[in-house]
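Notes follow the structure.
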Amino acid sequence: MDKTFAAITGVAGYVPEDILTNHDLEKMVDTNDEWIVSRTGISQRHILKDPSKATSDMCVEAAKVLLEKTNTKPEDIDLIIVGTVTGDYVFPDTANLLASKIGASNAFGFDINAACSGFIYSIVTGSKFIETGTYKKVMVCGADKMSSILNYEDRSTCILFGDGAGAVLLEPSNAGGLIDAVLKGDGSGCEYLHMKAGGSLNPATIETVTNKEHYVYQEGRVVFKYAVKGMSDTIKEVLERNNLTNDDIDWVIPHQANKRIILSVADQLDFPHDKVLINIENYGNTTAGTIPLVLRDFEDKFQKGDKIILTAFGGGFTWGSVLLEWTY
Ligand code: COA
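In my numbering, the protein residues as written are 615 to 942.
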């Protein structure tokens, strides 16, 4: 019997209208456009300013476009998975809110908390429900409202991140789709990238708020090194175990955390830069949103049969690489 793969049959994305440029940040913290562009590759990021909107609302916008593009009725969606660390609430999960908001009345959903690896963890999880024949239509979103957990007085973090959402539809295919994935995790990396308070270890108190502990805490230099190694190692592993070389790969789609991280990975593995897709200049790091937003922005370049690597690294630590074959 032919193996059933989970294929991406459509991609969509959404970023809020409001833009925060490097020049805007110059007025907020001690930084400058030249430093940000040369150290990160970022020129601007989109920010969800409307206080009544949250991560699920960005997912709704992406999901609506996805449903229309793929000619899918919301009630035909079986499962929704949202990769995010900035869900609307600690509970309930964003995926269920999203299902209700788009009328996916037959779907159940759950969130996956894997920070910048949220999209690849989610797409691999979603693919298993298709490969086993359990479901036919799985919507996978990666979305984060990073502006809700950033300290805009900390120049080392606030310049890096933006808000955004992406969504893909997974459906069964007999030729192409998600071929293989290597996913990794190491909780000892927590100390270098986390949010200190708001969880069960340090619930919110007046002190945690006063001490600004509800924001992203990051030791950037350490994370940078682990990110380059984690993405490079897992790309190598997924290529080797599928008997592929760089020449077999048409596109590499890395998580967009820092242009220098991306190019270091490409150089370590001898991938020509024109195979490595980058849009960080426009959005910054949208955490779980980066990879589906790259898929959306570069969708026109992909041909049926193209072999694509998705690779990510994020808080946890979490990381991994996915090999897929494009099917449309
Ligand atoms: N503007 C100007 N100067 C800044 C700055 C800013 N926004 N942020 C930091 N600096 C300064 C530092 O204070 C430091 O000054 P010093 O040498 O006087 O102490 C100097 O720039 C170098 O800082 P450093 O942290 O070593 O810079 P870096 O080259 O490592 O770049 C990051 C910092 C955060 C851009 C980089 O480490 C990074 O991208 N790390 C990965 C982070 C990431 O994206 N993680 C998300 C999950 S993968």
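Even glycine gets a Cβ: it sits at the ideal position worked out from N, Cα and C.
Practice problem: Ignore the nearest five residues each way along the sequence and tell me which others in I922's own chain have a CB closer than 8 Å to its CB. | Solution: Within the sequence shown, the letter at position 308 stands for residue 922. Within the same chain, I922 has close Cβ partners I863, D864, W865, V866, I867, F916, L937, L938, E939, W940.
Quiz item: Going by DSSP, what residues sit across from P868 in a beta bridge?
Solution: Sequence index remark: in the sequence shown, residue 868 carries index 254 (1-based). Answer is T925.
Quiz prompt | Three-state secondary structure (DSSP) of L797 | solution = Mapped onto the sequence shown, residue 797 falls at position 183. Here L797 sits in strand by DSSP.
Practice problem: Thinking G655 and I894 are a contact (beta carbons under 8 Å), I'd like their distance in whole angstroms, please. | Solution: Your numbering for residue 655 matches position 41 in the sequence shown. Your numbering for residue 894 matches position 280 in the sequence shown. Their Cβ separation, rounded to whole angstroms, is 5 Å, which keeps G655 and I894 in contact under 8 Å.
Practice problem: Going by CA-CA distance only, name the one from A818, Y749, T822, V879 that's closest to L783. | Solution: By 1-based counting over the sequence shown, the position of residue 783 is 169. Among A818, Y749, T822, V879, the Cα nearest to that of L783 is on Y749.
Quiz prompt | Cβ-heavy atom distance, Q832 to ligand 1, below 7 Å | solution = Position 218 of the sequence shown holds residue 832. It does: the Cβ of Q832 is within 7 Å (strictly closer) of some heavy atom of ligand 1.
Practice problem: Measuring alpha carbon to alpha carbon, tell me which of G834, T708, L907, G799 ends up nearest R769. | Solution: Taking the first residue of the sequence shown as 1, we reach residue 769 at position 155. Closest option to R769, Cα to Cα, is G834.
Exercise. Leaving aside the five residues before and after D690 along the sequence, list all residues of the same chain whose C-beta is less than 7 Å from its C-beta, in chain order.
Key: Here residue 690 is taken as the residue at index 76 of the sequence shown, counted from 1. So the qualifying residues of the chain are K751.
Quiz item: Touch check for the region 773-787 and the region 922-934: three-plus C-beta pairs under 8 Å?
Solution: no
Exercise. Could you tell me the boundaries of the alpha helix (DSSP H) in which D647 lies?
Key: For the purposes of this step, residue 647 is taken as the residue at position 33 of the sequence shown. That run of the alpha helix (DSSP H) goes 647-654.
Self-check item: Residue span of the alpha helix (DSSP H) that contains Q882, given as start and end
Solution: Within the sequence shown, residue 882 is the residue found at index 268, counting from 1. That run of the alpha helix (DSSP H) goes 873-882.
Quiz item: How is the beta strand (DSSP E) around E785 delimited, first residue to last?
Solution: The count along the sequence shown starts at 1 and reaches residue 785 at position 171. Element bounds for E785: 777-787.
Quiz item: With 16 other CB atoms within 10 Å as the buried threshold, where does Y829 fall?
Solution: Your numbering for residue 829 matches position 215 in the sequence shown. So Y829 ends up on the buried side.
Practice problem: Scan the region 747-774 and note each continuous alpha helix (DSSP H) run of 4 residues or more that stays entirely inside, going in chain order. | Solution: 769-772
Exercise. Please name the residue or residues paired with R659 in a DSSP beta bridge.
Key: Here the question's residue 659 lines up with position 45 in the sequence shown. L634.
Quiz item: Span of the beta strand (DSSP E) holding L938?
Solution: Translated into positions along the sequence shown, residue 938 becomes position 324. Run containing L938: 932-939, per the beta strand (DSSP E) assignment.
Exercise. Following the continuous alpha helix (DSSP H) through I849, name the residue where it begins and the one where it ends.
Key: For the purposes of this step, residue 849 is taken as residue 235 along the sequence shown, with counting starting at 1. Start and end: 834-855.
Exercise. Excluding the 5 residues preceding and the 5 following E827 in the sequence, name in chain order all residues of the same chain whose CB lies nearer than 6 Å to its CB.
Key: For the purposes of this step, residue 827 is taken as the residue at position 213 of the sequence shown. Excluding sequence neighbours, E827 sits near K810, A811.
Quiz item: Do you know how far the Cα of D914 is from the Cα of K889?
Solution: Position 275 of the sequence shown, counting from 1, holds the residue named residue 889. Position 300 of the sequence shown, counting from 1, holds the residue named residue 914. For K889 and D914, the distance between alpha carbons rounds to 14 Å.
Quiz item: What are the boundary residues of the alpha helix (DSSP H) that V696 is part of?
Solution: Position 82 of the sequence shown, counted from the start, is the residue given in the question as residue 696. Looking at the DSSP string, V696 is not in any alpha helix (DSSP H); the run it does join, the beta strand (DSSP E), is 693-697.
Exercise. Run the CB neighbour count on T824, radius 10 Å, all protein chains shown included, and call it buried at 16 or more, exposed below.
Key: Stepping through the sequence shown from its first residue, residue 824 is reached at position 210. T824 is exposed by the Cβ-count criterion.
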